[in-house]
Amino acid sequence: MIIALNHKSNLNKEEYEKYIEDFSTIKTNHKMILCPSFVHLNNKTPNHVILGSQNVGLFDNGAHTGEISAQQLKSYHVEYTIVGHSERRKEEKESLKDIHQKMQQLFQNNIIPILCVGETKKEREAGKVEEVLEKEIITATENLTSEEREKLIIAYEPIWSIGTGLIPSNKEIIKTIRFIKHLLPNTKVLYGGSVTEENIDIIKSISIIDGYLLGGLSLKIEQLKILLEKLN
Ligand code: 13P
């Protein structure tokens with residue numbers, strides 16, 4: 006399985022160093038993609054970890070103050086990048102067009118995007134889950150080759166589930182992931198949103214999930230170890 010870890014804006018220098026030390030004690034065969042803050046990308050990572058980032062700039066190297074380009078990420082051995090996380094769509098006003106452009110930047114530099122999609126509580130209550138996801142997926146993947154579509158990873162993260170302790174029922178998750186796989190037949194789909202070492206007992210029975218995108222849990226090594234053992 007793919008286990009992607011989104012640290013978000015957490016861990017200062019010392020905390021990250023300690024985290025990596027503790028992380029080195031994890032033994033797992035799962036594909037672990039660690040997405041720390043940009044400031045930690047140059048730090049050592051354990052051998053069994055693949056490096057990811059949480060964002061990418063819209064442009065090539067050049068006069069774009071404060072941005073980090075896909076070329077720069079590649080030079081730090083970043084192999085995956087989270088794109089279109091709902092926190093960025095909301096807080097940074099990231100548009101569908103921006104997300105499409107970032108996808109292009111990443112593929113041009115051989116970095117695999119982990120495209121986050123998901124509905125708000127209001128959209129869910131209005132029965133618009135599939136409509137929202139279709140729009141997010143179709144616009145972001147426009148012009149991608151079939152090879153790129155197969156490399157791409159989608160993370161289904163219902164916005165109302167992120168950091169709230171609420172998760173959809175297995176039945177709802179299955180329905181939504183089936184819908185995503187219908188749009189992109191050969192693309193891997195992760196689930197994200199309040200996944201813990203406890204509720205994994207329920208979610209793990211969903212066989213069409215290719216992995217998980219973990220937020221809060223990614224920072225807690227002991228709980229993370231329990232989750233990984235349960236997925237074995
Ligand atoms: P939580 O696991 O903290 O709900 O966050 C999920 C997430 O946003 C991962 O990208």
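If you're matching positions, the sequence shown starts at 6 in this note's numbering and goes up one per residue.
All residues carry an ideal CB built from backbone N, CA and C; glycine is no exception.
Please read these numbers as outputs of a predicted model, since none were measured by experiment.
Original post:
In this structure, does DSSP put V134 in helix, strand or coil?
Top reply: DSSP places V134 in the helix class (H, G or I) of the three-state scheme.
Original post:
Just to confirm, does V200 get its C-beta within under 8 Å of one of the non-hydrogen atoms of ligand 1?
Top reply: Within 8 Å of the C-beta of V200 there is at least one heavy atom belonging to ligand 1.
Original post:
So who's on the other strand from M108, going by DSSP bridges?
Top reply: In the DSSP assignment, M108 forms no beta bridge with any residue.
Original post:
Does the separation of the CB atoms of L120 and I158 fall below 9 Å?
Top reply: Yes, they are a contact pair.
**OP:** Using only the heavy atoms of ligand 1, determine whether one of them is closer than 8 Å to the beta carbon of L16.
**Re:** Because no heavy atom of ligand 1 lies under 8 Å away, the Cβ of L16 does not count as near it: no.
Original post:
Hey, out of F28, N17 and L171, whose CA is closest to V200's CA?
Top reply: Among F28, N17 and L171, the Cα nearest to that of V200 is on L171.
**OP:** In the DSSP assignment, find the alpha helix (DSSP H) that holds S74 and state where it starts and stops.
**Re:** Counting along the chain, S74 sits inside no alpha helix (DSSP H), nor does DSSP assign it H or E at all.
**OP:** Determine the direct distance from the alpha carbon of T50 to that of L236, and round the result to whole angstroms.
**Re:** For the pair L236 and T50, the Cα-to-Cα distance works out to about 23 Å.
Original post:
Whole alpha helix (DSSP H) runs in the region 189-214 with 4 or more residues, listed along the chain?
Top reply: For the region 189-214, whole alpha helix (DSSP H) runs of length 4 or above, ordered along the chain, are 205-208.
Original post:
What do you reckon, is the C-beta of G221 under 8 Å from a heavy atom of ligand 1?
Top reply: Yes, the beta carbon of G221 sits closer than 8 Å to at least one heavy atom of ligand 1.
Original post:
At what residues does the alpha helix (DSSP H) containing L236 begin and finish?
Top reply: DSSP places L236 outside any alpha helix (DSSP H), giving it a letter other than H or E.
**OP:** Rounded to whole angstroms, what's the CA-CA distance from I211 to I185? Just pull it up for me.
**Re:** Going by the C-alpha atoms only, they are around 15 Å apart.
Original post:
Hey, is N204 close to ligand 1, as in C-beta under 8 Å from one of its heavy atoms?
Top reply: Ligand 1 never approaches N204 closely enough for any of its heavy atoms to be under 8 Å from the residue's Cβ.
Original post:
In terms of DSSP beta bridges, what is G57 paired with?
Top reply: Note: G57 sits in a beta bridge opposite Y85.
**OP:** Pick helix, strand or coil for I31, following the three-state DSSP scheme.
**Re:** It is coil, neither helix nor strand.
Original post:
What do you reckon, are the CB atoms on Y85 and I38 nearer than 9 Å?
Top reply: Yes, Cβ-Cβ distance for Y85 and I38 is below 9 Å.
**OP:** Determine the contact status of L111 and A75, defining contact as a CB-CB distance below 9 Å.
**Re:** Yes.
Original post:
Roughly how many angstroms separate the alpha carbons of T30 and E227, rounded to a whole number?
Top reply: Looking at the two C-alpha atoms, the distance is approximately 10 Å.
**OP:** Sort Q113, V122 and F64 by Cα distance to N148 and report the nearest one.
**Re:** Checking every option, the nearest Cα to that of N148 belongs to Q113.
**OP:** Buried or exposed for A160, please, with buried defined as at least 16 other CB atoms from any protein chain shown within 10 angstroms of its CB.
**Re:** The C-beta of A160 has 16 or more other C-beta atoms within 10 Å across all chains shown, which makes the residue buried.
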